[in-house]
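Data first, discussion second: the structure below is written as structure tokens.
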Amino acid sequence: MILDLRELIAGTVKTLPFVYDCSGEGLTDDLIDGSVHAEGRVENHAGYLVLNGEAVLSGVFRCARCCKEFEHALHFPMEYKLAEKLAGDDEEEFLLLKDGMLDVAETVREQLLTEMPIRFLCRSNCKGLCPKCGVDLNVERCSCDTKEIDPRWAALAGYFDEE
Ligand SMILES: [Zn+2]
Ligand SMILES: [Zn+2]
């Protein structure tokens, strides 16, 4: 979705609202099915433009600990300064426009990918699955001895001992 900001730059209009919806596909492997809804506005602040808005990713995610599917919504605030030309050291601060056009789809996608959590949990204290028998420890307890060190870690521990 391309937003035409030329009237805003020319000063004919003061503010330009936008709404953008897309699928959540490809944003994170832990999203099973979801969509993105973004909305906001761009305003002319005498000399440069400011974009303010929010993108919401909602849908069904997979818990990193217990693998259960759960519904969740993530809010990503968006705030950018937009400029047609960059002056010196401003590069990090400004989002560059091309011919007065802003690619909203790309901007939203970048924002989501940058701020996306590394993993998702169905709840902050999810106990996960027993590494031995696989029961969901949120629902039931098992009698496995989980104190035993994972062989991969044991090998690593040996490695450090030799050092
Ligand atoms: Zn979980
Ligand atoms: Zn177990």
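Residue numbers (this note's numbering): 1001 to 1163. C-beta atoms are modelled at their ideal positions from N, C-alpha and C, and glycine is treated no differently. Every value quoted in this text rests on a predicted model; they were computed, and no experiment measured them.
Residue i in three-state terms, based on DSSP
i	result
Val1108	helix
Leu1113	helix
Leu1097	coil
Arg1062	strand
Glu1079	strand
Leu1074	strand
Glu1162	Confidence at Glu1162 is low in this model, with a pLDDT of 48, below 50, so its placement is unreliable and the value that follows should be read with caution. Helix at Glu1162.
Leu1121	coil
Leu1049	strand
Val1139	coil
Glu1025	coil
Glu1084	coil
Leu1129	strand
Leu1102	strand
Leu1005	coil
Minimum Cβ-Cβ distance from residue i to chain C less than 8 Å
i	result
Thr1028	You won't find chain C in this structure, because it holds only one protein chain.
Nearest residue (CA-CA) to residue i, options the options
i	options	result
Ile1032	Asp1136, Gly1134, Glu1115, Leu1057	Leu1057
Leu1137	Lys1127, Asp1145, Pro1131, Ser1143	Lys1127
Arg1123	Ala1046, Lys1068, Phe1018	Lys1068
Lys1014	Gly1026, Ser1023, Ala1038, Ala1046	Ala1046
Thr1114	Met1078, Cys1130, Leu1096, Cys1066	Met1078
Leu1008	Asp1099, Val1135, Cys1130, Asp1145	Asp1099
Gln1111	Leu1027, Leu1003, Ala1010	Leu1027
Cβ pair residue i, residue j closer than 8 Å
i	j	result
Ala1073	Val1108	no
Phe1094	Leu1102	no
Cys1063	Phe1120	yes
Leu1005	Val1042	yes
Gly1059	Gly1011	no
Val1135	Leu1003	no
Gly1034	Gly1053	no
Residue i CB to nearest heavy atom of ligand 1 below 7 Å
i	result
Leu1121	yes
Lys1132	no
Leu1065	A quick correction: the sequence has Arg, not Leu, at residue 1065. Yes, ligand 1 has a heavy atom inside 7 Å of this Cβ.
Asp1081	It is Lys, not Asp, that sits at residue 1081 in the sequence shown. Not under cutoff, so the answer is no.
Lys1068	yes
Residue i Cβ short of 7 Å to ligand 2 heavy atom set
i	result
Cys1142	yes
Val1135	yes
heavy atom of ligand 3 below 7 Å from residue i C-beta
i	result
Cys1126	This structure lacks ligand 3; its bound ligands are ligand 1 and ligand 2.
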